[in-house]
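Peer 1: Pasting a structure below so you can have a look.
Numbering (this note's numbering), first residue to last: 0 to 299.
Next comes the structure, spelled out in structure tokens:
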């Protein structure tokens with residue numbers, strides 16, 4: 000979901016605003032390739048500078064100024080996003096970020112409404128200094144006697160998504176049958192076999208889930224760097240990951256003695272390469288005036 004209230008262009012030079020629009024568009028375009036990104040039906044009316052709305056700046060080229068290509072690309076991508084449903088009962092108009100005055104932020108109110116139903120969504124913000132990560136947001140809904148606080152997640156880049164997905168294991172109490180699907184989002188650097196199960200752990204899913212999330216977080220975020228940094232030396236890698244709270248134990252000799260288990264570690268790597276070529280034209284006349292036959296294909 001795009002937080003249109005984050006489009007604050009005040010104080011930005013034309014160059015900085017153009018760069019920020021390009022960065023936002025790159026992120027939005029990438030997210031749309033994987034997720035459904037919703038926008039307010041009235042996003043173009045959001046105020047982005049004193050007395051100026053997004054429509055003025057993006058479509059009309061009004062001040063604050065930004066590069067034409069960046070403006071039109073951002074407008075085009077926003078137009079392609081699906082509007083969220085404005086008819087949900089009890090959607091708040093105003094929300095209050097912690098430490099700020101109440102403000103008109105319709106999409107934040109939409110995300111706040113869904114958080115009350117245990118459905119969290121990331122709020123994509125414009126890449127200028129501002130809120131990131133989890134923040135308390137208060138609003139008044141039909142089921143609340145007064146302002147109710149709920150935490151919402153704000154991000155400016157797709158690299159911030161794994162933290163969002165990881166936190167939902169607890170916030171939404173993800174069930175065992177949904178764990179692997181959610182883990183693929185939360186740990187994009189890892190591949191998960193369909194046969195993975197919690198049934199082999201002592202204590203079962205309810206007891207082990209949060210520990211497994213911690214282990215996968217450290218492995219996803221730090222193992223590749225540790226492997227390169229320490230040239231594959233197991234003891235040094237063990238110490239490096241230990242600094243991130245992951246306690247590794249030496250491998251049991253019994254494991255290496257079992258051929259079936261060791262075969263599970265075999266990896267097949269296939270390197271495929273191809274090149275396109277175009278033969279030179281027949282009968283090309285060289286500088287000394289003699290005609291030659293084609294010399295065969297050349298890589299391009």
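Where is the CB? At the ideal position from N, CA and C, for every residue including glycine.
If we ignore side chains and look at the alpha-carbon of each, how far apart do residue 4 and residue 259 end up?
Peer 2: Roughly 57 Å between the two C-alpha positions.
Peer 1: Can you tell me which of the three DSSP states residue 58 falls into?
Peer 2: The answer is coil: DSSP assigns residue 58 none of H, G, I, E or B.
Peer 1: Just the Cα atoms here: how many angstroms apart are residue 293 and residue 270?
Peer 2: In this prediction, residue 293 has a pLDDT of 41, which is less than 50 and means its spatial position is unreliable; nothing more can be read from the coordinates.
Peer 1: For residue 138, list the residues DSSP reports as bridge partners.
Peer 2: In DSSP, residue 138 forms a bridge with 147.
Peer 1: Per the contact definition of three or more C-beta pairs closer than 8 Å, is the stretch 11-22 in contact with the stretch 77-95?
Peer 2: Counting Cβ pairs under 8 Å, fewer than three are found: no touch.
Peer 1: Report the start-end ranges of each beta strand (DSSP E) in the stretch 218-254 that is 3 residues or longer and not cut off at the edges.
Peer 2: Runs found: none.
Peer 1: Rounded C-beta distance between residue 165 and residue 185? I'm assuming under 8 Å.
Peer 2: Right, the Cβ-Cβ distance comes to about 4 Å (below 8 Å), so this counts as a contact.
Peer 1: With DSSP as the reference, please indicate the residues paired to residue 94 in a beta bridge.
Peer 2: In DSSP, residue 94 forms a bridge with 102.
Peer 1: Note down the Cα distance separating residue 234 from residue 172, rounded to an integer number of angstroms.
Peer 2: Going from the Cα of residue 234 to the Cα of residue 172 covers about 35 Å.
Peer 1: May I ask you to verify whether the stretch 30-43 touches the stretch 105-118, counting CB pairs closer than 8 Å and requiring at least 3?
Peer 2: Taking 8 Å as the limit for Cβ pairs, the verdict is that the stretch 105-118 does touch the stretch 30-43.
Peer 1: Would you mind sorting residue 135 into buried or exposed? The rule is 16 or more other CB atoms within 10 Å of its CB.
Peer 2: By the neighbour-count rule (16 or more Cβ atoms within 10 Å), residue 135 is not buried but exposed.
Peer 1: When you compare the stretch 142-157 with the stretch 54-70, are there three or more beta-carbon pairs, one atom per stretch, that lie closer than 8 Å?
Peer 2: The stretch 142-157 is not in contact with the stretch 54-70.
Peer 1: Check residue 34 in the structure and name its three-state DSSP category.
Peer 2: In this structure, residue 34 counts as coil in the three-state DSSP scheme.
Peer 1: Quick one: what's got a C-beta closer than 8 Å to residue 13's C-beta in the same chain, skipping five residues either side?
Peer 2: 63, 64, 65 and 66, listed in sequence order.
Peer 1: Rounded to the nearest angstrom, what separates residue 35 and residue 97 at their Cα positions?
Peer 2: Whole-angstrom Cα-Cα distance: 28 Å.
Peer 1: Could you pull out every residue in the same chain whose Cβ sits closer than 7 Å to the Cβ of residue 17, ignoring the five residues on either side in sequence?
Peer 2: Contacts found: 65, 66 and 69.
Peer 1: Rounded to whole angstroms, what's the CA-CA distance from residue 0 to residue 250? Just pull it up for me.
Peer 2: C-alpha separation (whole angstroms): 45 Å.
Peer 1: Going by beta carbon distance, what residues of the same chain come within less than 6 Å of residue 137, once the five residues before and after it are set aside?
Peer 2: Cβ neighbours of residue 137 beyond the five flanking positions: 95, 146 and 148.
Peer 1: Looking at the strands, I want to know which residues DSSP matches up with residue 122.
Peer 2: Residue 122 is bridged to 153.
Peer 1: Looking only at C-alpha atoms, which of 175, 47 and 264 sits nearest to residue 212?
Peer 2: That would be 175, whose Cα lies nearest to the Cα of residue 212.
Peer 1: Following the continuous beta strand (DSSP E) through residue 48, name the residue where it begins and the one where it ends.
Peer 2: Note, residue 48: beta strand (DSSP E), 46-48.
Peer 1: Quick one: Cα of residue 177 to Cα of residue 207, how far?
Peer 2: Between residue 177 and residue 207, the C-alpha separation is close to 15 Å.
Peer 1: By Cβ distance below 8 Å, which residues in the same chain neighbour residue 92 in space, the five residues on each side in sequence not counted?
Peer 2: Excluding positions up to five away in sequence, the list reads 103, 105 and 108.
Peer 1: For residue 51, which beta-bridge partners are listed by DSSP?
Peer 2: Per DSSP, 48.
Peer 1: Could you check where the alpha helix (DSSP H) with residue 73 kicks off and where it finishes?
Peer 2: Counting along the chain, the alpha helix (DSSP H) containing residue 73 begins and ends at 67-79.
Peer 1: Please report the residue range of the alpha helix (DSSP H) in which residue 161 lies.
Peer 2: Run containing residue 161: 160-170, per the alpha helix (DSSP H) assignment.
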